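For the record, the sequence lines run as chains A and B. With the first letter of the first sequence counted as 1, position 280 gets the number 296 in the numbering used here; the numbers rise by one all the way through. With the first letter of the second sequence counted as 1, position 31 gets the number 96 in the numbering used here; the numbers rise by one all the way through. All C-beta atoms, glycine included, are put in the ideal place defined by N, C-alpha and C. Values in this document were obtained by computation on a predicted structure and should not be read as measured data.
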Amino acid sequence: MAKDNPTGKVSSEKLNELPFKTRIRPYLIVAPALIITIGIMIPFAMAIYFSLTNYSFRMPTYKFVGLKNWIKILTNKDFWKALWVTLRYAFFSTLVEMLLGMGVAILLNKLNNLFSKILRVVLIFPLMIAPITATIVWQLMLNSSVGIVEKFLNLFGIYNFPWAASPSTALLTVVMIDVWVNTSFVMLLVLAGLQSLPKSPFESARIDGGSAWFNFVNLTLPMLKPSLYIALLFRLMAALQEYTIIFGLTKGGPGDTLMNLSLTAHLTGFKFQKFGYALPYILVLWLIVNYAAKFIVGKQRAAQKQAAGLEE
Amino acid sequence: MNKGKSRLLAILQNCLLAIYAVFALFPLLWMVILSFKADTEMFTTTFVFHPTLSNYTAALMKSNYFRYMLDSLIVAGGAVIVSVLAGVPAAYALARYNFKKKEDIAFQILSFKFAPEILVVLPLFMIYQKLHLYDTYLGLIWVYQLISMPLLIWVVRGYFEDISVEIEHAAQVDGYSWYQIFFKMLLPLIKPGLVSAALLAFIFAWNSFTFPLLLAGIHVQPITVAVTKYLGTDTAHYGQLAVAATVSALPAIIFALCIQKHLVRGLSFGAVKG
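What follows is the structure in structure tokens.
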């Protein structure tokens, strides 16, 4: 029966006994999607190869230079600076988004009045408009001549706050825009997690008479963890690679204050036309992203098992 | 006394929410306000001014604005159509069949979502120029698959998994062919999920900036890239810039409102079932 049944799940051991035609079918169905996406990923393999050459858009020929680009970059101060900017940007924006998104979600879940019901709908707007548009809007708001923020700060006696113009406040500014765009993402995921919490563990906790804080730490938080890890995964991956907001606001400036790995690779590859030299920057970024993703996915699975245990 | 305390707490909580709401929503309101302000009042007024539509006529009628919007529609729409045609069968196979390397393939597709955009763009720039795909609709539609395909496959796979295999078996016993089952039974069942995943993929493709900035920009100019041009002109027309930003954000906002119920599931690639 199972042999002729394309919709039935077949146990793994029996896979090899199936006729070739049946075995090959799922691969054929997946193939178009895989070819389309892998076609795009061929460049990735090329990237590793070209990082070992002195390829440039300006020159008709190129030659293999071994690890020269890699050694040059790893001993270059600019690389470590770009890495440091990348990590700081990712750390601060993700941290603030996680805490703020969680806080807003908990309040929305608790209040459950008309105000919070309206907010649940309209708070997704920042997440849905293009990040480049968000950056432009903030640029207008922070503008010292037409910007409303300057007028607001004047009320508190603060004049000419430099925002993106000064190296000391530039990171704060881009992180703030990232937070504005993406906090809703964390909020939505946490809110969904809160609303799907099972009731019975909380009822038995109430009978036991635990304090609200005790229940939050020992029940809510562990059961919420799988959703929190998903939010963390998506946010951290994107923040490590952020390009649009920084490019849109300052193109990496003032000076090289905000040149993270993505922007440095873009600048080296396109503006300075040193293609082979640009690739190690971005391959290092890919390694970091890949490792961080695997780590968080592992944590998420463990948390899911633990949460499933608590529900019983 | 306890009651008074809890009421005070509720007021405080509402206030905190209100503060966050102002932070989250005021920039959008400000963008709309600016779009109605004439250049002459831009620097002298804050909230009280004479609303005018001059920015709208200037930004929308006297420039190529609608051409940019059309370019966005073609590349984002095209990307979603390709992803649906190739992705829905793949999602079905990943949900229903058991085959070697199944989870590896699924994760491979997911990992495209996390690949740094610049890493793809640098070599692709070179290939696209050789294949004459640079600055074409097809080129962008293809590279947009990295945005739309993983989302579609992972979300739709989840919806297929929600449908019990038993109904498929029952329909088979009744003599329906596999194609009839798929098109007449399964597709209608996952339709809400499929539509919302497709709309979300469309929003992300519409909002994409890095790919069109670096792989197109002369003949094909999506609105996200075009909007930055309003910023760089000789004398900045802030009002027109605000119009360009507002109008380009509308499709995404409208679609997002349509798929609210499925938003969490889509955004988390099916991992959190909201």
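Any chain B beta carbon closer than 8 angstroms to residue i
| i | result |
| --- | --- |
| Tyr259 of chain A | yes |
| Leu205 of chain A | yes |
| Ser72 of chain A | no |
| Met57 of chain A | yes |
| Ile89 of chain A | no |
| Leu248 of chain A | no |
| Ile148 of chain A | yes |
| Trp334 of chain A | Here chain A comprises residues numbered 17 to 328, so residue 334 of chain A is not present and cannot be evaluated. |
| Thr23 of chain A | Unreliable placement is indicated for Thr23 of chain A, whose pLDDT of 47 sits below 50; the coordinate value is still reported in the next sentence. Yes, Thr23 of chain A counts as interfacial toward chain B. |
| Thr53 of chain A | yes |
| Pro35 of chain A | no |
| Ala18 of chain A | Legend: pLDDT at Ala18 of chain A = 38, less than 50; position of this residue unreliable, value from coordinates given subsequently. With 8 angstroms as the cut-off, Ala18 of chain A does not count as an interface residue toward chain B. |
| Lys167 of chain A | yes |
| Lys126 of chain A | yes |
| Ala49 of chain A | yes |
| Phe108 of chain A | no |
| Gly285 of chain A | yes |
| Gly314 of chain A | no |
| Ile262 of chain A | no |
Proximity below 8 angstroms, CB of residue i to CB of residue j
| i | j | result |
| --- | --- | --- |
| Ala160 of chain B | Glu233 of chain B | no |
| Leu2 of chain A | Ala98 of chain A | Because chain A in this structure spans residues 17 to 328, residue 2 of chain A falls outside the shown range and cannot be described. |
| Asn198 of chain A | Glu113 of chain A | yes |
| Val191 of chain A | Tyr105 of chain A | yes |
| Ser376 of chain B | Leu205 of chain A | The requested residue 376 of chain B is not part of the displayed model; chain B covers only 66 to 339. |
| Ile192 of chain B | Pro59 of chain A | yes |
| Val147 of chain B | Ala208 of chain A | no |
| Trp196 of chain A | Pro142 of chain A | yes |
| Gly274 of chain A | Gly268 of chain A | Here the sequence assigns Leu to residue 274 of chain A, which means Gly is not the residue at that position. Against a cut-off of 8 angstroms, the Cβ pair of Gly268 of chain A and Leu274 of chain A comes out as a contact. |
| Val334 of chain A | Tyr303 of chain B | Here chain A has residues from 17 to 328 only, and residue 334 of chain A is not among them. |
| Ile385 of chain B | Gly143 of chain B | Shown here, chain B extends from 66 to 339; a query on residue 385 of chain B therefore has no answer. |
| Gln78 of chain B | Lys133 of chain A | no |
| Ser261 of chain B | Gly331 of chain B | yes |
| Asn272 of chain B | Thr293 of chain B | no |
| Leu299 of chain A | Ser72 of chain A | no |
| Met236 of chain B | Ile45 of chain A | In the sequence under discussion, the amino acid at residue 236 of chain B is Ala, which differs from the Met named in the question. Not in contact: Ala236 of chain B and Ile45 of chain A (Cβ atoms no closer than 8 angstroms). |
| Phe101 of chain B | Pro116 of chain B | yes |
| Ile96 of chain B | Thr311 of chain B | Residue 96 of chain B is actually Met in this sequence, not Ile. Yes, the pair counts as a contact, with Cβ atoms nearer than the cut-off. |
| Leu264 of chain B | Ile324 of chain B | yes |
| Met118 of chain A | Val233 of chain A | no |
| Phe164 of chain B | Tyr43 of chain A | yes |
| Leu140 of chain B | Ala266 of chain B | Reading the sequence as shown, one finds Val at residue 140 of chain B and not Leu. It is not a contact, given that the beta carbons lie outside the stated cut-off. |
| Ile148 of chain A | Gly264 of chain A | yes |
| Leu216 of chain B | Phe172 of chain B | no |
| Ile89 of chain A | Phe95 of chain A | yes |
| Ile193 of chain A | Ile261 of chain A | yes |
Chain C residues whose Cβ lies nearer than 8 angstroms to that of residue i
| i | result |
| --- | --- |
| Ala63 of chain A | Absent here is chain C; the protein component of the structure consists of chains A and B. |
Short CB-CB distance (under 8 angstroms) between residue i and chain A
| i | result |
| --- | --- |
| Ile268 of chain B | yes |
| Gly342 of chain B | Residue 342 of chain B lies beyond the stretch modelled for chain B, which goes from 66 to 339, so this question has no answer here. |
| Ile218 of chain B | yes |
| Ser313 of chain B | yes |
| Pro42 of chain B | Since the first residue of chain B shown is 66 and the last is 339, residue 42 of chain B is not available in this structure. |
| Gln286 of chain B | no |
| Asn79 of chain B | yes |
| Val329 of chain B | yes |
| Tyr85 of chain B | yes |
| Pro277 of chain B | no |
| Ala103 of chain B | no |
| Leu332 of chain B | yes |
| Tyr130 of chain B | no |
Counterpart residues of residue i in DSSP-defined beta bridges
| i | result |
| --- | --- |
| Lys290 of chain A | A:Ser72 |
| Phe232 of chain A | DSSP output for Phe232 of chain A lists no bridge partner at all. |
| Phe2 of chain A | Residue 2 of chain A cannot be examined here, being either before or after the span of chain A that is shown, 17 to 328. |
Contiguous alpha helix (DSSP H) assignments of at least 4 residues, all confined to the region 115 to 194 of chain B: 130 to 161 and 167 to 178
With a floor of 4 residues, list each alpha helix (DSSP H) that falls wholly inside the region 300 to 324 of chain B, ordered by position along the chain. 303 to 323
The region 295 to 309 of chain A in contact with the region 229 to 246 of chain A per 3-pair CB rule at 8 angstroms: no
Within the region 172 to 239 of chain A, ranges of the beta strand (DSSP E) (whole runs, at least 3 residues): none
Is it a yes or a no for the region 174 to 185 of chain B touching the region 277 to 288 of chain A, going by three-plus beta-carbon pairs under 8 angstroms? yes
Check whether the region 200 to 211 of chain B touches the region 45 to 55 of chain A, taking contact to mean three or more Cβ pairs, one atom from each stretch, closer than 8 angstroms. yes
Tell me, please, whether the region 245 to 259 of chain B touches the region 187 to 204 of chain B by the rule of three or more beta-carbon pairs shorter than 8 angstroms. no
Enumerate, from N- to C-terminal direction, the unbroken alpha helix (DSSP H) stretches of 4 or more residues contained entirely within the region 193 to 281 of chain B. 202 to 208, 210 to 227, 230 to 238, 252 to 272 and 275 to 280
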